[in-house]
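In UniProt numbering, the protein residues as written are 1 to 370.
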């Protein structure tokens, strides 16, 4: 075992399930470091006992801190003046992926009250940042994130100020996610004329447009020259011309399926995106008591079967149906269901189907897998 090249050991361990890594590290000394590197690459802390356990581990084995690349912090039960954050943040000097969220309560934690959270958010090593259900977020941190991060996700974030400085005209951000913006604070801030120029390199956008049609249209126009991948929930009836768009994902929920705006958005997106290659329809199932997609009437969508295989759209090569559900037990019926409703698309070899679980950690939204 000791003579195996380290590259081979690393390759072997990449395919070992997380549940077996600890045991694998006991098989040979040469496997210890590689196993620890995998085990501690991503760390998610969801409650006070988890914070305390990690602190004990880092004190006992400080070398493990260098392996942590992704850190997720649920701060809903952590006091603003707690030193727990400091004890964890200080030794973790190589964090690239960072997500901070405030739980599901009605009151969102004030991010600005903990200086150590501000400290880690200010690090230039962080290239993937997700903030969710937080108040008191300094606008300067958002400006910095747009300038130095590859991906940024802001969901239900309340800014502490509106900021007078503009974003860098040479922003590094390539993917931006706004899953929810219930108080309409993020989009107006980013779309301010002083800041909108930072979107000129944006290649990926994930956004919810319910009630924000005009802001969404303005946003899409601002990044239309470079936008290649768009994920949109509750799409507006019409999308602006997106000449660079190659992948469009429309997220749908059952109660929204009968809306004519959905049909219009799908047809219009195919017509207005001249280089669209992949259209993904993500069909969400929200409750175990709800009807599955296989039990729903989608006869109104039959006309799309011809639209999907339109010979005037030579670039469109894939229609991808994705079932978003906690388990896989409904997936077989889902496949049979879409094949029956879109037979021409299936026969043309353009159909693809997949299953994806719901997002559990804001970090899960990143296009780059941790």
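Just so it is clear, CB atoms sit at the ideal spot from N, CA and C, and this is done for glycine as well.
Where the beta strand (DSSP E) containing residue i begins and where it ends
i	result
residue 151	151-159
residue 178	175-178
residue 352	351-356
residue 185	Counting along the chain, residue 185 falls outside any beta strand (DSSP E), and DSSP gives it neither H nor E.
residue 205	204-208
residue 318	318-324
residue 278	278-284
residue 232	229-233
residue 250	247-252
Residue i vs residue j beta-carbon contact at 7 Å
i	j	result
residue 99	residue 74	no
residue 137	residue 157	yes
residue 67	residue 42	no
residue 277	residue 253	no
residue 241	residue 198	no
residue 159	residue 139	yes
residue 239	residue 269	yes
residue 186	residue 154	yes
residue 279	residue 319	yes
residue 365	residue 175	no
residue 321	residue 281	yes
residue 88	residue 54	yes
residue 148	residue 172	yes
residue 218	residue 191	yes
residue 114	residue 95	no
Local Cβ density within 10 Å of residue i, reported as buried at 16 or more and exposed below that
i	result
residue 345	buried
residue 90	exposed
residue 51	buried
residue 120	buried
residue 328	exposed
residue 179	buried
residue 69	buried
residue 274	exposed
residue 97	buried
residue 72	buried
residue 265	buried
residue 144	buried
residue 102	buried
residue 251	buried
residue 208	buried
residue 59	exposed
residue 109	buried
residue 1	Only weak support is given to the placement of residue 1: the predicted model assigns it a pLDDT of 46, under 50, and the value that follows is read from those uncertain coordinates. The residue is exposed, with fewer than 16 neighbouring Cβ atoms inside 10 Å.
residue 182	exposed
residue 34	buried
residue 48	exposed
residue 267	exposed
residue 340	exposed
residue 303	exposed
residue 195	buried
residue 65	buried
residue 357	exposed
residue 215	buried
In DSSP terms, what residue i is bridged to
i	result
residue 97	70, 128
residue 368	Answer by DSSP bridge pairing: none, since residue 368 is not bridged.
residue 42	70
residue 110	135
Extent of the continuous alpha helix (DSSP H) to which residue i belongs
i	result
residue 347	343-347
residue 144	139-148
residue 307	304-308
residue 48	48-60
residue 119	115-121
residue 86	84-89
Exercise for review: Report yes or no: do three or more beta-carbon pairs, one from the segment 227-234 and one from the segment 197-208, lie closer than 8 Å?
Suggested key: Yes, the segment 227-234 touches the segment 197-208.
Is the segment 333-340 touching the segment 303-316 in the sense that three or more CB pairs, one from each, lie closer than 8 Å? Fewer than three pairs of CB atoms, one per stretch, sit closer than 8 Å, so the segment 303-316 makes no contact with the segment 333-340.
- Counting Cβ pairs closer than 8 Å, one from the segment 351-366 and one from the segment 121-139, do we hit at least three? These segments touch.
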